[in-house]
Each structure stands twice: as structure tokens, then as C-alpha cells.
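**Student:** What follows is a structure written as C-alpha cells; I'll ask about it next.
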Amino acid sequence: MVANRHILITGVSRGLGHAMVEGFTQAGHRVTGCARSGAAVETLRQAFPRQSFSAVDVASDDDVAAWLSGIAAQGDLPDLVLNNAGVINDPAPLWQLSAAEVDQVIDVNIKGTVNVIRHAVPLLLTRGGGVIVNFSSGWGRSTSPEVAPYCASKWAIEGLTRSLAQELPTGIATVALNPGVIHTDMLDQCFGPSASAYETAAQWRSRAVPYLLDLSTDHNGQSLSVP
Numbered sequence: 011m012v013a014n015r016h017i018l019i020t021g022v023s024r025g026l027g028h029a030m031v032e033g034f035t036q037a038g039h040r041v042t043g044c045a046r047s048g049a050a051v052e053t054l055r056q057a058f059p060r061q062s063f064s065a066v067d068v069a070s071d072d073d074v075a076a077w078l079s080g081i082a083a084q085g086d087l088p089d090l091v092l093n094n095a096g097v098i099n100d101p102a103p104l105w106q107l108s109a110a111e112v113d114q115v116i117d118v119n120i121k122g123t124v125n126v127i128r129h130a131v132p133l134l135l136t137r138g139g140g141v142i143v144n145f146s147s148g149w150g151r152s153t154s155p156e157v158a159p160y161c162a163s164k165w166a167i168e169g170l171t172r173s174l175a176q177e178l179p180t181g182i183a184t185v186a187l188n189p190g191v192i193h194t195d196m197l198d199q200c201f202g203p204s205a206s207a208y209e210t211a212a213q214w215r216s217r218a219v220p221y222l223l224d225l226s227t228d229h230n231g232q233s234l235s236v237p
């Protein structure tokens, strides 16, 4: 495990993203994070004054390009990129979902991940190495009814990651990570009251942060799960 890491995280305003900011901060690492909400970003800046946060819509290539070019200009390049930002559709049969709701899932979960990868890889090339973690799901390796767009998006992440792994030069790696089933707002959205039976993001964080810090080029192309 390398000390004093610089970690880039998307989707840090809540859930697993917020939990990881807390965990990496407590472990003494530097975090650069983003979220769509400007108000949430301001709250994060007050809570974690030594870290860096920006309002970015990962589904917007222009937003991502501006964010990462700003990081590059500062010369403090990340070595661990966590594509965590994601949304899920309200549970319903596919034909009952609106086009707008399907678009949001695809735009954030797939296009958002691609946008970050496209602009982050050049930073890792300049730095000379690094690891990109694309957050997948158990529903990226299995399926359930009424969450078809979400399943499709996470299956896409699995394929995207494997293909990207074949393209990356020596020194840079990418993995698809199933974080597990954790009680977050997203789980409330799809599981309802039964979501409270699962572990909290804070409990998950204690296992996930050390695991993420131990990922290396040896894991390139693998589909992994937080133990």
C-alpha cells in the first residue's frame, strides 16, 4: 500500500462516494472529487477543507474535460481513479419507463464513466502509471426484473473495462469492481424498507478503502468484488 496517494472519485456527494472520501481522508490520502450538485460540493468543502471538490456532471464531456484539464494544470496528477458516480431507475418493467429515465441511467453510468476514462488516461500516461476502477454491480454480472436499464449499464461497464484493459500500456490498469450490497439511498430506491437490513456505507468503507489502495497492475482486466 502506497502512502500519500492522490485519489480521484466521482459521485462523492452521498453513498459510497461520500464514504470513500471519509475513509481516504482518515487514512491520510489526498482526494479530488466531483458531484453534480453545487450545494453538495460546498458542503463537502466545509467538511473536508484539505480536499478538493468540484461541481461536475460526468455525463457532460465538456464538464469532465474542464475538470481534468484543471487538475492537469496544477501538476498534481492522480494515481487512483474511481468511477463511482451512478444512478438507478425507479423499479418498473422496461416498457413502463420513460425515455428520459432510461437516458439518465445510460448517460451517467456508461457515458459518464467513458468521459472520465477518456480524459483521465492521458493524466496517468503523464504520471507514468495508475489504476482506474470502474464501479460495476452484482447486477453487472446477473439480472433482476424492473432494473433492466441499470443492469444493462453495469453489464456495459464489465465489457468496457475488459476491452480497455487490453488497450492500456504497461503501468496502467483498470478493473471492474462490484462493491457489494450496501444500504445507501440507491438501495432504498430499489429495495424499499428491506434495504435497512444491509451494512451501512460506513461499515463497507472500513473494508473497501484498504482493498482499493492495494489494487495494482497485477489486477488489470479483472472483475473483482470488495471482500
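The number in this note's numbering is simply the position in the sequence shown, starting from 1, with 10 added.
Just so you know, even glycine gets a beta-carbon here, dropped at the ideal spot from N, CA and C.
Excluding the 5 residues preceding and the 5 following Leu-255 in the sequence, name in chain order all residues of the same chain whose CB lies nearer than 6 Å to its CB.
**Tutor:** Since the first and last residues shown for the chain are 11 and 237, residue 255 lies out of range.
**Student:** Excluding the five sequence neighbours on either side, which residues of its own chain have a C-beta within less than 6 Å of the C-beta of Asp-73, listed in chain order?
**Tutor:** Taking the sequence shown and counting its residues from 1, one reaches residue 73 at position 63. Same-chain partners within the cutoff: Val-66 and Asp-67.
**Student:** With 16 other CB atoms within 10 Å as the buried threshold, where does Trp-214 fall?
**Tutor:** Your numbering for residue 214 matches position 204 in the sequence shown. That one is buried.
**Student:** Do Val-185 and Val-131 have their C-beta atoms within less than 9 Å of each other?
**Tutor:** Translated into the one-based positions of the sequence shown, residue 185 becomes position 175. Translated into the one-based positions of the sequence shown, residue 131 becomes position 121. The answer is no: Cβ separation not under 9 Å.
**Student:** With a threshold of 9 Å between beta carbons, is Arg-15 in contact with chain D?
**Tutor:** Although the question refers to chain D, the structure presented lacks it and comprises just one protein chain.
**Student:** How long is the line joining the alpha carbons of Gly-122 and Pro-155, rounded to whole angstroms?
**Tutor:** Reading the sequence shown from its first residue, position 112 is the one you call residue 122. Reading the sequence shown from its first residue, position 145 is the one you call residue 155. If you take the alpha carbons of Gly-122 and Pro-155, they lie about 24 Å apart.
**Student:** Note down the Cα distance separating Asp-228 from Ile-182, rounded to an integer number of angstroms.
**Tutor:** Position 218 of the sequence shown, counting from 1, holds the residue named residue 228. Position 172 of the sequence shown, counting from 1, holds the residue named residue 182. Cα-Cα distance, rounded: 10 Å.
**Student:** Ala-45 by DSSP, collapsed to three states: which one?
**Tutor:** Residue 45 sits at position 35 when you count from the first residue of the sequence shown. Ala-45: strand per DSSP, three-state reduction.
**Student:** Ends of the beta strand (DSSP E) at Ile-142?
**Tutor:** Residue numbering aside, residue 142 sits at position 132 when the sequence shown is read from its first letter. Start and end: 140 to 145.
**Student:** For a quick check, are the C-beta atoms of Leu-18 and Gly-43 less than 9 Å apart?
**Tutor:** Numbered from 1 along the sequence shown, position 8 holds the residue referred to as residue 18. Numbered from 1 along the sequence shown, position 33 holds the residue referred to as residue 43. Cβ atoms of Leu-18 and Gly-43: closer than 9 Å.
**Student:** Does the Cβ of Pro-220 have 16 or more other Cβ atoms within 10 Å, making it buried, or fewer, making it exposed?
**Tutor:** In the sequence shown, residue 220 corresponds to position 210, counting from 1. Its Cβ having fewer than 16 others within 10 Å, Pro-220 is exposed.
**Student:** Is the segment 110 to 128 close to the segment 145 to 160, with three or more CB pairs under 8 Å?
**Tutor:** Yes, the segment 110 to 128 touches the segment 145 to 160.
**Student:** Does the segment 46 to 61 come into contact with the segment 80 to 90, if we say contact requires no fewer than three beta-carbon pairs (one atom in each stretch) closer than 8 Å?
**Tutor:** No contact exists between the segment 46 to 61 and the segment 80 to 90.
**Student:** Taking its Cβ as the centre, do 16 or more other Cβ atoms sit within 10 Å of Asn-94, making it buried, or is it exposed?
**Tutor:** Taking the sequence shown and counting its residues from 1, one reaches residue 94 at position 84. Buried, because 16 or more other Cβ atoms sit within 10 Å of the Cβ of Asn-94.
**Student:** Who are the near neighbours of His-39 in its chain, counting only those whose CB is closer than 7 Å to its CB and skipping five residues on each side?
**Tutor:** The residue labelled residue 39 in the question sits at position 29 within the sequence shown. Taken in chain order, the residues that qualify are Asn-14, Arg-15 and Ile-17.
**Student:** Could you give the residue range of the alpha helix (DSSP H) that holds Ser-79?
**Tutor:** Position 69 of the sequence shown, counted from the start, is the residue given in the question as residue 79. Element bounds for Ser-79: 71 to 84.
**Student:** Compare the Cα-Cα distances from Gln-199 to each of Gly-33, Val-22, Asn-188 and Gly-96 and report the closest residue.
**Tutor:** As a first step, residue 199 is located in the sequence shown; it is residue number 189 there, counting from the start. Nearest option by C-alpha distance: Gly-96.
**Student:** May I have the straight-line CA-CA distance separating Phe-34 from Ala-211, to the nearest angstrom?
**Tutor:** Taking the sequence shown and counting its residues from 1, one reaches residue 34 at position 24. Taking the sequence shown and counting its residues from 1, one reaches residue 211 at position 201. Taking the straight line from one Cα to the other gives about 14 Å.
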